[in-house]
Each structure stands twice: as C-alpha cells, then as structure tokens.
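Visitor:
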Amino acid sequence: MKCPYCGQEIKTSPHVCPSLPPGPPAEFVDVFLTRVTTQVEPGPLQAYLQQLLPHLEPPAISLLLQHLPAVILRNQPRPAAEKIRQEMSLLGATVLLKAVSPTRPLAPRPGLPLMEPPPPPRRFTLGYLVLLLVCALAGLAYFLVSRQPSRPESEPEPITFASPRPDPGLKPVDASPPKLKESAEDPAQVQIRSLLQEGVKQYNQSRYIEAIHTMEQALLLDPKQPQALNNLAVIYCTLGWDSWKKNDFDNAKDLFQEAMHYQPEALCALRGLGFTYFRQDDLETALAWLNRYFDLGGDQADVYALISDIYYRQNDLKKAMEFLRMALALDPSQAAWKDRLNKLEREHTVEKDFLAGDTRHFVVKYEGYANAEAGWLVMTLLEEAYLRVGAELHYYPPNPITAILYTDRQFQDITRVPAWAGAAYDGKIRIPAKGLRQDDERLQRIIFHEYTHAVVHEWSRGRAPTWLHEGLAQTLEGEPTEEYFAFARLLARSDQLIPLRQLEVPFIRLPEPQAKVAYAESRLALEFLEQTYGSYVIRQLMEALAEGKTMDQTLQDATYLNYDQFNRRLLEWVGQSYGSQ
164 MKCPYCGQEI
174 KTSPHVCPSL
184 PPGPPAEFVD
194 VFLTRVTTQV
204 EPGPLQAYLQ
214 QLLPHLEPPA
224 ISLLLQHLPA
234 VILRNQPRPA
244 AEKIRQEMSL
254 LGATVLLKAV
264 SPTRPLAPRP
274 GLPLMEPPPP
284 PRRFTLGYLV
294 LLLVCALAGL
304 AYFLVSRQPS
314 RPESEPEPIT
324 FASPRPDPGL
334 KPVDASPPKL
344 KESAEDPAQV
354 QIRSLLQEGV
364 KQYNQSRYIE
374 AIHTMEQALL
384 LDPKQPQALN
394 NLAVIYCTLG
404 WDSWKKNDFD
414 NAKDLFQEAM
424 HYQPEALCAL
434 RGLGFTYFRQ
444 DDLETALAWL
454 NRYFDLGGDQ
464 ADVYALISDI
474 YYRQNDLKKA
484 MEFLRMALAL
494 DPSQAAWKDR
504 LNKLEREHTV
514 EKDFLAGDTR
524 HFVVKYEGYA
534 NAEAGWLVMT
544 LLEEAYLRVG
554 AELHYYPPNP
564 ITAILYTDRQ
574 FQDITRVPAW
584 AGAAYDGKIR
594 IPAKGLRQDD
604 ERLQRIIFHE
614 YTHAVVHEWS
624 RGRAPTWLHE
634 GLAQTLEGEP
644 TEEYFAFARL
654 LARSDQLIPL
664 RQLEVPFIRL
674 PEPQAKVAYA
684 ESRLALEFLE
694 QTYGSYVIRQ
704 LMEALAEGKT
714 MDQTLQDATY
724 LNYDQFNRRL
734 LEWVGQSYGS
744 Q
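Take any residue in the sequence shown, count from 1 to its spot, add 163: that is its number in the working numbering.
1) Along the chain, where does the alpha helix (DSSP H) containing THR401 start, and where does it finish?
2) For ILE564, list the residues DSSP reports as bridge partners.
3) From the DSSP output, in three-state form, read off ILE235 for me.
4) CB-CB under 7 Å to VAL192, same chain, minus the five flanking residues each way: which ones, in chain order?
5) Whose C-beta lies closer than 6 Å to the C-beta of GLY403 among residues of the same chain, with five residues either side of it excluded?
6) Can you give me the Cβ contacts of HIS616 inside the same chain, cut-off strictly under 7 Å, excluding the 5 residues immediately before and after it?
7) Apart from the five residues just before and just after SER309, which ones in its own chain have a Cβ nearer than 7 Å to its Cβ?
8) Flag this pair as yes or no: are the beta carbons of MET542 and LEU507 separated by less than 8 Å?
9) Leaving out five residues before and five after TYR456 in sequence, what residues of the same chain have Cβ atoms less than 8 Å from its Cβ?
10) Could you give the DSSP three-state label for THR615: helix, strand or coil?
11) Spatial neighbours of LEU689 within its chain, please: CB distance less than 7 Å, with the 5 preceding and 5 following residues excluded, ordered by chain position.
12) Report, in whole angstroms, the separation of the C-beta atoms of LEU660 and LEU653, which I expect to be a contact under 8 Å.
13) In whole angstroms, what is the alpha-carbon distance linking ARG370 and CYS400?
14) For LEU231, which of LEU493, GLY590, GLU621 and LEU704 has the nearest alpha-carbon?
15) When DSSP builds the beta bridges, which residues end up paired with LEU259?
16) Can you confirm whether the stretch 527-536 touches the stretch 499-518 when touching is taken to mean that 3 or more C-beta pairs between the two stretches lie within less than 8 Å?
17) Taking only heavy atoms of the ligand HEM into account, decide whether any of them is closer than 7 Å to the Cβ of PRO217.
18) Do you know how far the Cα of VAL700 is from the Cα of PHE611?
19) By the three-class DSSP mapping on this structure, what secondary structure does ILE661 have?
20) Going by the beta-carbon positions, is the gap between LEU487 and TRP500 smaller than 8 Å?
21) Give me the Cα-Cα distance between ALA721 and GLN703, rounded to the nearest whole angstrom.
22) Could you check whether PRO563 and HIS524 sit closer than 8 Å to each other, using their CB atoms as the reference points?
23) Going by alpha carbons, who is nearest to GLU547 out of ALA584, LYS597 and GLU613?
24) Using beta-carbon positions only, say whether TYR726 and LEU734 come within less than 8 Å of one another.
25) In angstroms with no decimal places, state the Cα-to-Cα distance between ASP349 and GLN463.
26) Given this structure, state the Cα-to-Cα distance separating ILE594 from LEU504, to the nearest angstrom.
27) Less than 8 Å between the CB atoms is what I'm expecting for LEU450 and ILE473, so what's the real figure, rounded?
28) Could you tell me the alpha carbon to alpha carbon distance between LEU489 and PHE195, rounded to whole angstroms?
29) Helix, strand or coil for PRO595 per DSSP?
30) Taking 6 Å as the limit between beta carbons, can you name the residues of its chain near GLU345, skipping five residues before and five after?
31) Are the Cβ atoms of TRP622 and GLU667 separated by less than 8 Å?
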C-alpha cells in the first residue's frame, strides 16, 4: 500500500513511513497488565507484584488484579520492561508494552491556547524608559475609564481544544487573549497580536470563515507566525469534524488535509483522517494515518479501539484484542468495549485453530479438514450471491466479507441468538455447518439471505432499520414460501399491521411467533415499495440512510410519505393484494 504522507510503497505494520525524518528510538515503555489466566495460583503473581510495586498494600494489589487491564508502570527502560514481561508471563499474566518517546520534540499541536510571543528585546535607554512610563500611564487611565470583564460571567471557563471521540465535537481554543507587550519599535508585532486576538474571538463565536481570513492576515505579516499556523490548523480541524458529523467524508478529508498544510503534525487532523477513511471502508489507509498519529505521540483510547475494529474486520483477532485491551487500560469506563472484548475472547477461543479459504470477495473459516468441503461449498454460493445480489441492487461491498462455519454448540456460544435462528450476521456471516449439502436449497437461501444483510449493512453504513434489512434479505433469498403467503393473507384479514417504527429493533429479541409476523410484514413492506415506487427506491433509501438521515426523513424523500402515512398506505396495499386470496 502507499503511505498517505509521501506516496511511497510501505507495509501496514511500520508506524512511520521510511521517507520521514527518523526520530529517536523509543527507549522507554509503559507496562500494561491486561489479563491473568485462571489456571494458575494467584499467590506467586501477587507476591511478585508486591515486590514490583512496594508502595501498594496487599489489598490494593488484589483490587488491581480485579480491574484489568491496567497500567502498572510508566516510562520504564525497554530491557527492564521486557524482563518484567517475561517473568510475569511465567506466572500466568499477559503483559503489553507501549512505546513512549518522552524526549522527542514535537511541533506545536493544534488545540493549544494562543501562545504568547516573546516580548521585543529590552533596550534600557532613557527614551525607552520615558516611553514605557507614558504607555503605562495611558494604559492605566484607559483601564479606569472603560474597564470591562474580558468575558461575561455566564460564559463557561475557557477550555483547550481536544480532538473528539468517534462522534466528534471539537472544543474551542483558549478564549482568553494573550497579554500584549506593545513595542513602538515593531508595530507589525502589535498588529499581529491584535489579529490573533480577533481570530480567537471569531472562532469562539463559530465565525470560522472570518477567523480563517483574520489568521491569514497575520500570516501575511509573518508567514512563519506559530500561533497563526497553530490556530488555522485548529479551525480546519473543527470544520473537518463538522463535515464528518454530517457524513460528508470527502469534504472532511479535504479539510483535515488543509489543517496539515499549516501544521504537518496536527494530531487532530491525523486522527480525523483515520476515522474518515475508516468510515469510507478504506481500512489500509485508515490504519496508515492512525499509525502516523501514534508515531507523533497520540495516545487517545478511542483510536486504539478503532484500530481494534480494523484488525477485527481483517480477521486478526489477536491484534484486535491487544488494541482493545490498550483502549480499556486508558479508559476503563467504556462498558461497551468490555463487552466487545469478552466477545472477541470467546471468538478467539473457538476459532484459534480454524482453517481459512478465500476468494476475491470472501474469507471463509471452518474447523478442520473434515469441513473443507463445506467451506468450499459456502465460498461457491457466496460468490454466486455476490454476482446475483450485486446485479439486482447495483452495489458491491468494497472489502472482503468473512463467513464462519460452526458446530451448533459453537454457533450458540458465539452468536447468543435464539434457537430458531438459522444463521446470523453481526459484521460477519455465521452459519451452523451441520448437514450442509450441495443440493440443499435451504443452504442457498441462507447464504443469499445473510449476504444481503452484509450488503445492506455496508451500503447504509449500519443505519438501516431491521424491517428494511429483513425485507430485502427475504426478497433476495429466493421465491416466497407458502408460510409467507399464509401470513400475508392473515395480516390482510386482520386489517392491522405492526407499525414499522416498532420493527426497527432486531427481531431476535421477539418470541418466535411474533418474529414470524415481523419477518412477513418486512417482506410485504419491500414488495409494496418496489411495486409502487420501482426498484430504484431501494438505492434512494440506502444512500439517504448512509448520509445520516433518519428513517422518517428517508421515507419522506423517497416516497413523499412520513412513517405513519407509509404504514396506512402499506395496510391498504396488503388488503388489496392479499385480502381476496
């Protein structure tokens, strides 16, 4: 792949492109204790930790072991840390080392408050002292006449810029203006300081375009002015995250790149580019930008979590777990990350010895050579689904999709779905492998159904409601069954439907009888959409959802009906189409 920084061909694994100026090696590391196996006695490990951390009492050591992962040592020489890792691994502990480079000089980062320029050199002449005294008296008089608070009392205290979590929202730079030390000998510096103050004021009033123009005027007076460069990067990062929140990812990339024009080591821009390329399903480029972010000293927990997700989608469960543990070590309050780590650990336990086969568009994993034929059969059917579903919807997922074959017990352990579910899609297609045969029509329906879920998820960027997911998956899995027609006639005679708004949640939460009604109604809704508005309406729905619109807005744009009106029209159509059968 190509490095997004210089365009040279590099591998994903390095944290920095070879063409960049090398920094000093990371001689120090932080030591993370991530987990302890339950198969060994805890006593020796506790004794070792007591010796390693003499400032902690035994109860504190026990408490530490109950709240993993955790940072136990910081800024340790790498050789000593490696020795600690080896010794603790013998005691049943898993230890990760995170390189730090405390001595590496970094360029000013966006988000720092306006830096006060150094005052002009003092020249202790008589004229200088007289001028200084006059200026001081004039300033005092002005202060007494027109004293005003620098900010209203109701306005919150100034806070410094910080890059956002995945749902971003930038915080402003310090709104407090720097103290001015005017010099009659250098009026340009006085004007620059005035422009910087005005630019910060405009920024904090969300007048971003005006703030850009003001900062650029300061650069015309001094093209290397560090505060102006710093704050232009901040402004463009803010605009970039605003575009990101609106799902305008192309514009977000342009704005983050513009921030790096002013500040090549802007962490907020590097982070933003990583998140943006991830949302555009360009996983390799996202990983390259995030590695660059780490190389320049970034250490935000949600970046570790995002990289974990990238490795998970690339089927590298070990790295996915490693980065998620690092994320939790930095932010243990994230309950969703803990749940996800538990799921990853369950998957790794089951799948660590699985074999894998791949095609251009799919990776299929299965247990042992005995299931190789079933794996080949699933790959063949998936490629067929790729072509037929793609031709129907005119959409093809950009990244390979993973399918995994399990025993019935493994399938339940991993998916936790009800017993009536024949397969599952949760970012990966999961199928019980028992009894798979080439002439099994049910298997083909399952493969087409689950692959359609993958398409809908990718196309709508995970925003499609369940009824749209299931309706489209059933439509493309094959011809309707007699059970479907029976439910359609039943719903037509009952003259009542479940409001589609209530069918946005996963059907696996429903009892089996209610789930069957929900599935039938979902397919009826898709049938109604296509017959009434044409097949192109599906593309309209998916693209609108991908842009971040609500389902209400999406239906309104595509059908000129809101949710309630759409439900009434659907009920009328079901009665007309199936009521007389």
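Beta carbons are placed, not taken as given, at the ideal position from N, Cα and C, and that holds for glycine.
Computed from a predicted model, the values in this text were never measured in an experiment.
Guide: The answer reads as follows:
1) Taking the first residue of the sequence shown as 1, we reach residue 401 at position 238. Start and end: 389-408.
2) Counting from one through the sequence shown, the residue named residue 564 turns up at place 401. Paired residues: PHE525.
3) As a first step, residue 235 is located in the sequence shown; it is residue number 72 there, counting from the start. Note: ILE235 maps to strand in three-state DSSP.
4) By 1-based counting over the sequence shown, the position of residue 192 is 29. Contacts found: GLN239, ARG241, ALA244, LEU260, LYS261, ALA262 and VAL263.
5) Taking the sequence shown and counting its residues from 1, the one referred to as residue 403 is at position 240. Closer than 6 Å at the Cβ level, and outside the excluded window around GLY403, lie ALA415, LEU418, PHE419 and GLY435.
6) Here residue 616 corresponds to residue number 453 of the sequence shown, with the count starting at 1. Within the same chain, HIS616 has close Cβ partners TYR588, HIS632 and ALA636.
7) Numbered from 1 along the sequence shown, position 146 holds the residue referred to as residue 309. Note that SER309 has pLDDT 38, beneath the 50 cutoff, so the model's placement of it is unreliable and the number below is only indicative. So the list is empty, once near-sequence residues are dropped.
8) Counting from 1 along the sequence shown, the entry for residue 542 is found at position 379. Counting from 1 along the sequence shown, the entry for residue 507 is found at position 344. For MET542 and LEU507, no; Cβs fall outside 8 Å.
9) As a working note, residue 456 is residue 293 in the sequence shown. Excluding residues within five positions, the ones whose Cβ falls inside 8 Å are LEU430, LEU433, ARG434, GLY437 and VAL466.
10) By 1-based counting over the sequence shown, the position of residue 615 is 452. Note: THR615 maps to helix in three-state DSSP.
11) As a first step, residue 689 must be located in the sequence shown, where it is residue number 526. Beyond the five residues adjoining it in sequence on each side, LEU689 comes within less than 7 Å, by CB distance, of GLY634, LEU635 and THR638 in the same chain, given in chain order.
12) Along the sequence shown, one-based indexing puts residue 660 at 497. Along the sequence shown, one-based indexing puts residue 653 at 490. At roughly 11 Å, the Cβ-Cβ gap does not stay under 8 Å, so LEU660 and LEU653 are not in contact.
13) Indexing the sequence shown from 1 puts residue 370 at position 207. Indexing the sequence shown from 1 puts residue 400 at position 237. A direct Cα-Cα distance of roughly 14 Å separates ARG370 from CYS400.
14) Counting from one through the sequence shown, the residue named residue 231 turns up at place 68. With distances taken between Cα atoms, LEU231 lies closest to LEU493.
15) Residue 259 sits at position 96 when you count from the first residue of the sequence shown. BP columns for LEU259 point to PHE195.
16) yes
17) What this structure holds is no ligand at all, so the ligand HEM is not there to describe.
18) Taking the sequence shown and counting its residues from 1, the one referred to as residue 611 is at position 448. Taking the sequence shown and counting its residues from 1, the one referred to as residue 700 is at position 537. Answer to the nearest angstrom: the Cα atoms are 21 Å apart.
19) Your numbering for residue 661 matches position 498 in the sequence shown. ILE661: coil per DSSP, three-state reduction.
20) The residue you call residue 487 lines up with position 324 of the sequence shown. The residue you call residue 500 lines up with position 337 of the sequence shown. Yes, Cβ-Cβ distance for LEU487 and TRP500 is below 8 Å.
21) Numbered from its first residue, the sequence shown carries residue 721 at position 558. Numbered from its first residue, the sequence shown carries residue 703 at position 540. Each residue's Cα considered, the two are about 6 Å apart.
22) Locating residue 524 in the sequence shown gives position 361, counting from the first residue. Locating residue 563 in the sequence shown gives position 400, counting from the first residue. Going by C-beta atoms, HIS524 is nearer than 8 Å to PRO563.
23) The sequence position of residue 547 within the sequence shown is 384, counting from 1. Taking only the C-alpha atoms, the option nearest GLU547 is GLU613.
24) The sequence position of residue 726 within the sequence shown is 563, counting from 1. The sequence position of residue 734 within the sequence shown is 571, counting from 1. No. Outside cutoff.
25) On the sequence shown, residue 349 is found 186 positions in, with the first residue counted as 1. On the sequence shown, residue 463 is found 300 positions in, with the first residue counted as 1. Cα to Cα, the separation comes out at about 41 Å.
26) Indexing the sequence shown from 1 puts residue 594 at position 431. Indexing the sequence shown from 1 puts residue 504 at position 341. C-alpha separation (whole angstroms): 22 Å.
27) As a position in the sequence shown, residue 450 is number 287, starting the count at 1. As a position in the sequence shown, residue 473 is number 310, starting the count at 1. LEU450 to ILE473, Cβ: 6 Å. Contact.
28) Here the question's residue 489 lines up with position 326 in the sequence shown. Here the question's residue 195 lines up with position 32 in the sequence shown. The sequence given here has Met at residue 489, not Leu. The alpha-carbon atoms of MET489 and PHE195 are separated by roughly 8 Å.
29) Here residue 595 corresponds to residue number 432 of the sequence shown, with the count starting at 1. DSSP places PRO595 in strand when its eight states are reduced to three.
30) Here residue 345 refers to the residue found at position 182 when the sequence shown is read from its first residue. Bear in mind that a pLDDT of 47 at GLU345, under 50, signals an unreliable position, so the number given afterwards is only what the model happens to contain. Closer than 6 Å at Cβ, skipping near neighbours: VAL353.
31) On the sequence shown, position 459 is the one that residue 622 refers to. On the sequence shown, position 504 is the one that residue 667 refers to. Cβ distance not < 8 Å, so TRP622 and GLU667 don't count as in contact.
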